[in-house]
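Encoded as structure tokens, the structure appears first; notes follow it.
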Amino acid sequence: MKEKIKEALEQIRPYLQRDGGDVEFVDYTEDKIVLVRLLGHCAGCPHRQMTINGGIARILKESYPEIEGVQAVR
């Protein structure tokens, strides 16, 4: 599952990089939570939660319904 998540994040990454940000996969927990780290402009952006919930989580959950959620870590 971790490799599938990493591949999906590669599809999302160009959109974040276009705005000076990036995303890094950290882990996939036993509770089916994807942990990511936002980098660059995304790390300090006031809209980062919207990026996670409305973008990253939505895309990952559409691809892999077993994912329960996505959380950002520092």
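When we follow my numbering, the leftmost residue of the sequence shown carries the number 60, and every step to the right adds one.
Ideal Cβ positions, reconstructed from N, Cα and C, are used throughout, including at glycine.
None of the values given here were measured: they were computed from a predicted structure.
DSSP-derived helix/strand/coil call for residue i
i      : result
Ile92  : strand
Glu125 : coil
Gly114 : helix
Gly79  : coil
Length of the line joining the Cα atoms of residue i and residue j
i      : j      : result
Asp90  : Gly80  : 27 angstroms
Lys65  : Phe84  : 6 angstroms
Ile126 : Leu94  : 11 angstroms
Lys63  : Asp78  : 24 angstroms
Arg117 : Met109 : 11 angstroms
Leu119 : Val129 : 9 angstroms
Pro73  : Gly99  : 13 angstroms
Leu75  : Gly103 : 13 angstroms
Arg133 : Pro105 : 15 angstroms
Gly113 : Pro124 : 15 angstroms
Neighbourhood of residue i by C-beta, 8 angstroms cutoff - its chain only, sequence neighbours within 5 removed
i      : result
Arg107 : Leu97, Cys101, Ala131
6 angstroms CB neighbourhood of residue i in its chain, flanking five on each side removed
i     : result
Met60 : Tyr87
Per DSSP, cross-strand counterpart(s) of residue i
i     : result
Tyr74 : Answer by DSSP bridge pairing: none, since Tyr74 is not bridged.
9 angstroms Cβ cutoff met for residue i and residue j
i      : j     : result
Val82  : Ile71 : yes
Ile115 : Leu68 : yes
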